[in-house]
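Peer 1: Have a look at the structure that comes next, please.
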Amino acid sequence: FDENGVNVAIPGAMLYFDSSGTRDGDQRFEGKYVPLEQESPDWNGLLEYTWDFGDATPIVHDPMPWHSYERPGLYTVKLTVRDAFGTGDVTRAEFNIHIDAPPEISGIDLPDEVYEDFSTAVIVNVSDAESLADLVFYRDLNVLDGSNSDRDEAISNDLFVEWEQDILRDDDDDEIVDNDWFVSTNTLVTLATVVWDDPTDAVLKVRVCDGMGLCDEAEADVTVLPEQDADPSLSDFSWDEWKSWMSDAGSDALGFIALILAALILGWLVMRQPNEIEEEAKQNAETYDVEHADDGGLLGMDHHSPPPAPKILSKQERRNDESGYIRPLRRRE
-14 FDENGVNVAI PGAMLYFDSS GTRDGDQRFE GKYVPLEQES PDWNGLLEYT WDFGDATPIV
46 HDPMPWHSYE RPGLYTVKLT VRDAFGTGDV TRAEFNIHID APPEISGIDL PDEVYEDFST
106 AVIVNVSDAE SLADLVFYRD LNVLDGSNSD RDEAISNDLF VEWEQDILRD DDDDEIVDND
166 WFVSTNTLVT LATVVWDDPT DAVLKVRVCD GMGLCDEAEA DVTVLPEQDA DPSLSDFSWD
226 EWKSWMSDAG SDALGFIALI LAALILGWLV MRQPNEIEEE AKQNAETYDV EHADDGGLLG
286 MDHHSPPPAP KILSKQERRN DESGYIRPLR RRE
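The numbering of the sequence shown is this note's numbering, which starts it at -14 and goes up by one.
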């Protein structure tokens, strides 16, 4: 049950619905709890039981039926009883049952390339409705003590994750290949660090369980590649190796060195060519007579001299279309 007293079960579990203690309210039926049997001296005065389990299954008239739920969710159970007075008075009672949802694995994240003798981080993507809602369940370990809601044991909502490095290989030599589980030591339980010793085609398996014992499993194919050494750089060569290479190359070494120097010089010249932004900055500096801009490295309103005042055009220049002169309009009185 949960903190609100709602009963909790798992999908497929057979549940016993106990209606013992139910009787007609008349005083003459006090202390009598035998259902339906009118000839019995202990008949409880009830003629009919009707159970509605809230999951669209058929109505049941057994006083104490068994029932199971196939899907997770919150269900409302309704019990209706009818007594023998006249046409029959009815009394109804209802309560809720929470059916736990198992964890759901949506995938396993692996690197694009996995190499032998290399630590590989593997992550399982999993969700669990009860964990996300931070629900806490409890278990009453002794329902015969007069109470069925004692919080004798708390059921954790934390997920338990187990990994198997390769279900095709028997690591513990027990002749069962798919039971070599291990638990990650990482703080994040959904993260595991796996090392494959040899190149192989492996099948990685993960199992995630909740506190109610419901689990989900997933597998992923892994191709483990041979270990690859990084390409050597110039700094990895010793002076003795350089001398050995020079002696082996002979006269070809000079041509090779000259080719390297030519490439370096050409690259330096190309890098020194100004780009469009640099060319524009140079032109702006020449136009506005500014050699250096202190603020932000860009020419601003305060970094250049004002443009020269326009000169007075002559009559001939004003009549020239290329001068850009616009004759003002004059309104005649």
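Where is the CB? At the ideal position from N, CA and C, for every residue including glycine.
Where does A247 sit, in a helix, a strand or coil, going by DSSP?
Peer 2: helix
Peer 1: Once DSSP output is grouped into helix, strand and coil, what is the label at D225?
Peer 2: helix
Peer 1: Between the Cα of L189 and those of Q213, A114, D155, spot the shortest distance and give me the residue it belongs to.
Peer 2: Here the closest residue by C-alpha is D155.
Peer 1: Which word fits F241, buried or exposed, when buried means at least 16 other C-beta atoms lie within 10 angstroms of its C-beta?
Peer 2: exposed
Peer 1: Do you know how far the Cα of P184 is from the Cα of F122?
Peer 2: 45 angstroms
Peer 1: Excluding sequence positions up to five away, which residues of its chain have a Cβ less than 7 angstroms from the Cβ of W28?
Peer 2: K17, V19, E22
Peer 1: With a threshold of 7 angstroms on Cβ separation, who are the neighbours of Q12 within its own chain once the five nearest residues in sequence on each side are excluded?
Peer 2: none
Peer 1: Specify, as a first and last residue, the run of the beta strand (DSSP E) that A139 falls within.
Peer 2: 138 to 140
Peer 1: Quickly, what does DSSP pair E89 with across the bridge? List them, please.
Peer 2: Note: E89 is bridge-paired with S112 in the DSSP secondary-structure output.
Peer 1: Could you give the distance in angstroms between the alpha-carbon of A86 and the alpha-carbon of L199?
Peer 2: 8 angstroms
Peer 1: Three or more C-beta pairs under 8 angstroms: does that hold for the region -1 to 14 against the region 44 to 52?
Peer 2: yes
Peer 1: Scan the region 137 to 213 and note each continuous alpha helix (DSSP H) run of 4 residues or more that stays entirely inside, going in chain order.
Peer 2: Secondary structure within the region 137 to 213: not one fully enclosed alpha helix (DSSP H) run of 4 or more consecutive residues is present.
Peer 1: Given a cut-off of 8 angstroms, decide if A177 and E128 are closer than it, judged by their beta-carbon atoms.
Peer 2: First, the residue type needs correcting, since residue 128 is Val and not Glu in the sequence shown. Cβ distance not < 8 angstroms, so V128 and A177 don't count as in contact.
Peer 1: Quick one: measure Cβ to Cβ for G196 and N142, integer angstroms, because I've assumed they're closer than 8 angstroms.
Peer 2: 6 angstroms
Peer 1: In whole angstroms, give me the CA-to-CA distance for I44 and A78.
Peer 2: 15 angstroms
Peer 1: Classify F(-14) as helix, strand or coil using the three-state DSSP reduction.
Peer 2: coil
Peer 1: How big is the Cα-Cα spacing for V(-9) and V62?
Peer 2: 11 angstroms
Peer 1: What residue range does the beta strand (DSSP E) around A(-2) cover?
Peer 2: Counting along the chain, A(-2) falls outside any beta strand (DSSP E), and DSSP gives it neither H nor E.
Peer 1: Pull up the DSSP beta-bridge partners for G16, would you.
Peer 2: None; G16 has no bridge partner.
Peer 1: So what's F70 in DSSP terms, helix, strand or just coil?
Peer 2: coil
Peer 1: Kindly give me the distance between the Cβ atoms of V111 and Q150, rounded to whole angstroms, as I take these residues to be in contact under 8 angstroms.
Peer 2: Contact between V111 and Q150 is ruled out by a C-beta separation of about 19 angstroms, above the 8 angstroms threshold.
Peer 1: Can you find a heavy atom of the ligand NAD that lies under 7 angstroms from the Cβ of I(-5)?
Peer 2: Inclusion of the ligand NAD in the displayed structure is not the case, the ligand content being empty and no account of it being possible.
Peer 1: Pick out whichever of T42, E55, F14 has its Cα sitting closest to the Cα of A(-6).
Peer 2: Ranking the options by Cα distance to A(-6), first place goes to E55.
Peer 1: Using the C-alpha atoms, what's the distance from D182 back to V193?
Peer 2: 25 angstroms
Peer 1: Of the choices L254, A69, N81, whose alpha-carbon is the least far from that of G58?
Peer 2: Closest by alpha carbon: N81.
Peer 1: What is the DSSP secondary structure of E254, counted as helix, strand or coil?
Peer 2: The identity of residue 254 in the sequence shown is Leu, whereas the question assumes Glu. Helix, per DSSP.
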